[in-house]
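Just so we're aligned, residue 216 is where the sequence shown starts under the numbering used here, counting upward by one. Note that the Cβ used here is the ideal one computed from N, Cα and C, for glycine as well. Values in this document were obtained by computation on a predicted structure and should not be read as measured data. Quick notes on the structure that follows.
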Amino acid sequence: MNSDLLPFIGIAFVLLLLILGSVLFVGARRRGGGGVDVGGSPQPGTPGRGGAGTDVLEAPPAPTPTIPRPTVPEADVPVEPVATIERPESARGRMTRLRARLARSNTALGQRMLGLLTRDRIDASTWEDLEDTLLLADIGAGPASEIVDNLRREVAVLGTRDTDAVRGLLRAQLIAAIDPTMDRSLAVEPHVGEDGTLRPAVVLVVGVNGTGKTTTVGKLARVLVAEDKDVLLGAADTFRAAAADQLTTWGERVGVATIRSDREGADPAAVAFDAVRAGIDVEADVVLIDTAGRLQNKVGLMDELGKVKRVVEKHGPVDEVLLVLDATTGQNGMQQAKVFSEVVEVTGIVLTKLDGTAKGGIVVAVQRALGVPVKLVGLGEGPDDLAPFDPEVFVDALLA
Ligand SMILES: Nc1nc2c(ncn2[C@@H]2O[C@H](COP(=O)(O)OP(=O)(O)O)[C@@H](O)[C@H]2O)c(=O)[nH]1
Ligand SMILES: [Mg+2]
216 MNSDLLPFIG IAFVLLLLIL GSVLFVGARR RGGGGVDVGG SPQPGTPGRG
266 GAGTDVLEAP PAPTPTIPRP TVPEADVPVE PVATIERPES ARGRMTRLRA
316 RLARSNTALG QRMLGLLTRD RIDASTWEDL EDTLLLADIG AGPASEIVDN
366 LRREVAVLGT RDTDAVRGLL RAQLIAAIDP TMDRSLAVEP HVGEDGTLRP
416 AVVLVVGVNG TGKTTTVGKL ARVLVAEDKD VLLGAADTFR AAAADQLTTW
466 GERVGVATIR SDREGADPAA VAFDAVRAGI DVEADVVLID TAGRLQNKVG
516 LMDELGKVKR VVEKHGPVDE VLLVLDATTG QNGMQQAKVF SEVVEVTGIV
566 LTKLDGTAKG GIVVAVQRAL GVPVKLVGLG EGPDDLAPFD PEVFVDALLA
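Now the structure itself:
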């Protein structure tokens with residue numbers, strides 16, 4: 216062989232090696248990325264295209280609703296950094312912290328009542344004024360006249376206008392009207408079946424649009440997380456995608472997953488059903504289901520709420536149906552409450568926006584109308600501004 220050709224043969228050989236190497240490298244990369252492609256490209260329901268002899272997996276039809284992975288990483292498997300999970304405030308003592316908000320809204324009410332009762336002379340018109348004051352606070356006609364009658368008797372017995380003594384009487388009457396004996400605990404303990412399997416407690420949150428349902432579900436999730444409960448959220452308000460986004464954001468902040476449909480207008484009952492199904496699968500303690508704001512005059516929508524409950528109950532009884540009422544809506548809110556209680560058996564009331572109203576008397580009115588206790592109160596827009604309702608703290612704030 217001509218030795219002059221040797222360098223050329225060498226160069227050609229090296230070039231050949233380089234070309235071969237890069238072909239192999241690209242092939243390997245393609246295969247490595249295959250999982251991602253397969254998962255991402257085929258549309259839901261269309262079969263994966265099996266390329267010539269390649270092992271392309273058929274994408275399963277996208278489940279509806281999609282079940283996102285919980286955002287909490289396994290404790291002992293540090294993966295990529297996750298947005299900081301917040302540590303919510305424990306429920307105990309929250310209402311005491313929020314007392315000032317109530318007091319700010321209701322000072323005029325408490326001062327007016329005390330002012331009337333500590334006058335030098337109390338006559339019939341004083342008692343009428345007191346009754347009017349209670350009515351203006353939305354306490355309702357029945358409770359207002361009961362409180363006045365009782366106070367009238369007791370003030371006569373007491374025989375003094377001493378502010379502290381009178382405040383004591385008024386305090387006792389108001390607390391009695393709110394009924395401190397009602398069970399205000401939330402049924403959020405999971406159920407253990409005969410075969411030892413766990414079924415989460417299910418809480419359905421209902422109410423008219425804008426009352427604060429989604430916010431309440433988000434805040435309640437935080438209360439439960441603070442109690443070390445495993446919580447799952449169900450976004451059964453499927454009318455607007457934004458509603459599910461809002462709920463998902465609340466959940467993510469405390470590492471709680473949300474079961475949702477990625478299709479606007481999906482069947483809310485199906486999403487609620489899937490949320491409880493997922494709760495059973497992951498052995499959650501509690502599943503909180505947010506629903507759409509159904510207007511009481513839309514019969515179809517109300518029927519739908521009944522359906523959500525019935526469908527969810529295929530997994531077992533719903534533990535709590537919380538009716539969210541905006542405390543600032545007065546008699547209108549009371550009307551809503553009655554209609555809702557005809558469709559679903561309400562087990563507890565959440566009164567929101569009590570921070571922005573001097574009409575705290577609605578606590579009494581709504582409990583009387585429905586025979587159901589106020590279990591939680593919303594006292595602001597902050598994430599931890601939801602508190603278990605405490606009648607004594609409430610009345611003390613009124614009379615502060
Ligand atoms: N001031 C105050 N605002 C509240 C309270 N609860 C909810 N909100 C506000 O009410 C608005 C409607 O709440 P949202 O949860 O979306 O109502 P939904 O339509 O019933 O789900 C939001 O701006 C909330 O921040 C509360 O206790 N106090
Ligand atoms: Mg909502």
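Contact check, residue i vs residue j, beta carbons under 8 Å
i: V497; j: A450; result: no
i: E369; j: L384; result: yes
i: I393; j: V578; result: yes
i: V527; j: L419; result: yes
i: A402; j: A416; result: yes
i: A490; j: F454; result: no
i: P588; j: R399; result: yes
i: D565; j: L591; result: The sequence given here has Val at residue 565, not Asp. Result yes, Cβ atoms of V565 and L591 sit closer than 8 Å.
i: A615; j: R309; result: no
i: K574; j: A542; result: yes
i: E346; j: V372; result: no
i: N321; j: A612; result: yes
i: R376; j: T333; result: yes
i: D500; j: D445; result: yes
i: L439; j: T378; result: no
i: L537; j: G521; result: no
i: G470; j: I300; result: yes
i: A481; j: V523; result: no
i: R414; j: I495; result: yes
i: W342; j: R302; result: no
i: M517; j: V558; result: yes
Near ligand 1: residue i beta-carbon under 7 Å from a heavy atom
i: L317; result: no
i: T453; result: no
i: G595; result: yes
i: V589; result: no
i: T429; result: yes
i: T567; result: yes
i: G548; result: no
i: D570; result: yes
i: V539; result: yes
i: D600; result: yes
i: G466; result: no
i: G308; result: no
i: G425; result: yes
i: G449; result: no
i: G470; result: no
i: G545; result: no
i: G563; result: no
i: G422; result: yes
Residues sharing a beta bridge with residue i, DSSP
i: E535; result: V418
i: H406; result: R414
i: P603; result: L591
i: I504; result: L419 and G449
Cutoff 6 Å; reference residue i; Cβ partners in own chain excluding five residues on either side
i: G638; result: In this structure the chain extends from 216 to 615, so residue 638 is not present and cannot be described.
i: P181; result: Within the shown structure, residues of the chain are numbered from 216 to 615, placing residue 181 beyond reach of any answer.
i: D344; result: L331
i: M397; result: P588
i: H406; result: R414
Contact set for residue i: own chain, Cβ-Cβ below 7 Å, skip 5 residues either direction
i: E678; result: Absent from the structure is residue 678, since the part of the chain shown begins at 216 and ends at 615.
i: L462; result: T429, V432, G433, L448, A450, T473 and D505
i: I549; result: Reading off the sequence, residue 549 comes out as Met, not Ile. Taken in chain order, the residues that qualify are A580, V581 and A584.
i: A380; result: L373
i: L239; result: Only weak support exists for where L239 lies, its pLDDT of 49 falling under 50; the coordinates are left without a value.
i: D353; result: G545, K574, G576, I577 and A580
i: A359; result: E346, L349 and L350
Distance cut-off 7 Å: residue i Cβ against heavy atoms of ligand 2
i: K574; result: no
i: A458; result: yes
i: G480; result: no
i: D489; result: no
i: G508; result: yes
i: D518; result: no
i: D347; result: no
i: D353; result: no
i: D505; result: yes
Residues near residue i in its chain [Cβ-Cβ closer than 8 Å; skip 5 each side]
i: R492; result: H530
i: A458; result: T429, A450, D452, D505 and A507
i: D570; result: L313, R316, L317, R319, S320, G593, L594, G595 and D600
i: G597; result: none
_Restricting to runs no shorter than 4 residues, where is the alpha helix (DSSP H) found entirely within the region 537-592?_
545-558 and 577-585
_Those runs of the alpha helix (DSSP H) which lie wholly inside the region 327-410 and span at least 4 residues_ = 339-351, 356-373 and 378-393
*In chain order, which continuous runs of the alpha helix (DSSP H) of length 4 or greater are located wholly inside the region 304-328?*
As summarised for the region 304-328, the continuous alpha helix (DSSP H) elements at least 4 residues long and confined to that stretch are 309-312, given in chain order.
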